[in-house]
Amino acid sequence: MTALLVALGAMVGAPLRFACAHYLDHPFPRGTLLVNVAGSFVLGLCSALSLSGSQLALVGTGFCGALTTYSAFSVQTMMLGPRSGAAYATLTVVLALIAVTAGFALGAQA
Amino acid sequence: MTTPAPSARLLLAVAAGGAVGALLRWCLGQVVPDGDGFPWTTFAINVLGSFALAAIPGLVAVGRHPALAVALGPGLLGGFTTLSAYAEQARALVDEGAVALAGAYVVGTLAACLLAVLLGGRLAPVAARRDFNAHEGNE
């Protein structure tokens, strides 16, 4: 049952990431940046709300896990070259950390 | 200039691959949970996935079938690797007061994944990598 929910969440998250990247990734990977930051925000929220079991499997592990990606992020960083790559990597990591903290803070107030 | 919408066929390929990738990530987390301290399981997943994404353009079949390229790249490996769990784990470590460990995890994952891309890319010719990127394999 848990496995099914992980798969279901991913079946929404992964194509949503692909669509955002399809429209926004050229010439700079803004779409992938956007989904990585948004997914981090939602997972921070889930964590503060203490989601567990089937809810965490569906929204956290499945949806947020598949909406965000480290593989595309690292390949894109290398493809951008030293200057743009460093900017993209820094932007992604810093914004994702701010987003997860903001999501957690918002959830903690609820 | 408007970008044409992605085809339903490609979106389905990404969804199917993404489901398998997320299930693999979940299974690994069940077998070897991240637990306290350095999140080694998620670290390994992200490094392995980054290596594989850089290497798969070298597979002949991937070059021939755009749907396979997106099923494996944005699908399987995109669903397998995760940046949200990485960010949340770093936040939780800082919350516990393990700031240095959080910093090591954030920087260590990034450095290891970039190195993995460098090594993985050696398995794929430059032209194949360019085609794979044009087929949106890196999204």
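As you go down the protein sequences, you meet chains X and B in turn.
The letter at position 98 of the first sequence is residue 98 when you use our numbering, and the numbering goes up by one with no holes.
The letter at position 100 of the second sequence is residue 210 when you use our numbering, and the numbering goes up by one with no holes.
We treat Cβ as the ideally placed atom computed from N, Cα and C, and that holds for glycine.
Collapsed DSSP secondary structure at residue i in the structure displayed
i: residue 149(B); result: coil
i: residue 114(B); result: coil
i: residue 246(B); result: coil
i: residue 68(X); result: coil
i: residue 161(B); result: helix
i: residue 194(B); result: helix
i: residue 22(X); result: helix
i: residue 241(B); result: helix
i: residue 84(X); result: helix
i: residue 144(B); result: coil
i: residue 52(X); result: coil
i: residue 31(X); result: helix
i: residue 78(X); result: helix
i: residue 207(B); result: coil
i: residue 5(X); result: helix
i: residue 184(B); result: helix
i: residue 174(B); result: helix
i: residue 232(B); result: coil
i: residue 43(X); result: helix
i: residue 125(B); result: helix
i: residue 96(X); result: helix
i: residue 169(B); result: coil
i: residue 110(X); result: coil
Closest Cα partner of residue i within the set the options
i: residue 101(X); options: 6(X), 65(X), 80(X), 48(X); result: 48(X)
i: residue 249(B); options: 226(B), 180(B), 217(B), 228(B); result: 180(B)
i: residue 147(B); options: 161(B), 244(B), 205(B); result: 205(B)
i: residue 198(B); options: 86(X), 87(X), 94(X); result: 94(X)
i: residue 139(B); options: 217(B), 156(B), 123(B); result: 156(B)
i: residue 158(B); options: 74(X), 80(X), 83(X); result: 74(X)
i: residue 126(B); options: 31(X), 54(X), 51(X), 62(X); result: 62(X)
i: residue 153(B); options: 246(B), 219(B), 245(B), 238(B); result: 219(B)
i: residue 222(B); options: 52(X), 87(X), 78(X); result: 78(X)
i: residue 244(B); options: 27(X), 12(X), 10(X), 16(X); result: 27(X)
i: residue 121(B); options: 141(B), 225(B), 149(B), 186(B); result: 186(B)
Amino acids of chain X, ordered along the chain, whose beta-carbon sits closer than 7 Å to that of residue i
i: residue 249(B); result: 18, 21, 22, 25, 32, 72
i: residue 135(B); result: 65
i: residue 176(B); result: Residues of chain X passing the Cβ test: none, with the nearest at roughly 13 Å.
i: residue 220(B); result: 89, 93
i: residue 216(B); result: 93
Interface residues of chain B facing residue i [CB-CB closer than 9 Å]
i: residue 47(X); result: 198, 201, 202
Chain B residues whose Cβ lies nearer than 7 Å to that of residue i
i: residue 82(X); result: None at all; the shortest Cβ gap to chain B is about 11 Å.
i: residue 62(X); result: 132
Contacts that residue i makes with chain B (C-beta to C-beta distance below 8 Å)
i: residue 43(X); result: 194, 195, 197, 198
i: residue 112(X); result: Summary: the structure shown does not reach residue 112(X), with chain X confined to residues 1 through 110, and so no result is reported for it.
i: residue 40(X); result: 193, 194, 197, 198
i: residue 97(X); result: 197, 200, 201, 216
Chain X residues whose Cβ lies nearer than 9 Å to that of residue i
i: residue 246(B); result: 18, 21, 22, 25
i: residue 159(B); result: 69, 70, 71, 74
Same chain, Cβ closer than 6 Å to residue i, neighbours up to 5 away in sequence not counted
i: residue 143(B); result: none
i: residue 172(B); result: 166, 178, 179
i: residue 64(X); result: 39, 42, 43
i: residue 57(X); result: 2, 5, 6
Neighbourhood of residue i by C-beta, 7 Å cutoff - its chain only, sequence neighbours within 5 removed
i: residue 14(X); result: 66
i: residue 134(B); result: 190
i: residue 8(X); result: 58, 62
i: residue 119(B); result: 177
i: residue 188(B); result: 128, 131
i: residue 238(B); result: 167, 168, 173
Residue i: contacting residues in chain X (beta-carbon distance under 8 Å)
i: residue 184(B); result: 14, 17, 18, 21, 69, 72
Inspect the CB distances between the region 179 to 194 of chain B and the region 63 to 78 of chain X and report whether three or more fall short of 8 Å. Between the region 179 to 194 of chain B and the region 63 to 78 of chain X there are three or more inter-stretch CB-CB distances shorter than 8 Å, so the stretches are counted as touching.
Inter-stretch contact at 8 Å, needing at least 3 Cβ pairs: the region 221 to 232 of chain B / the region 159 to 166 of chain B: Counting Cβ pairs under 8 Å, three or more are found: they touch.
Quick check: the region 27 to 42 of chain X against the region 92 to 101 of chain X, are at least 3 beta-carbon pairs closer than 8 Å? Per the Cβ contact rule, the region 92 to 101 of chain X is in contact with the region 27 to 42 of chain X (3 or more Cβ pairs under 8 Å).
Between the region 8 to 28 of chain X and the region 53 to 69 of chain X, can you find at least three pairs of beta-carbon atoms closer than 8 Å? The region 53 to 69 of chain X makes contact with the region 8 to 28 of chain X, as at least three CB pairs between them are under 8 Å.
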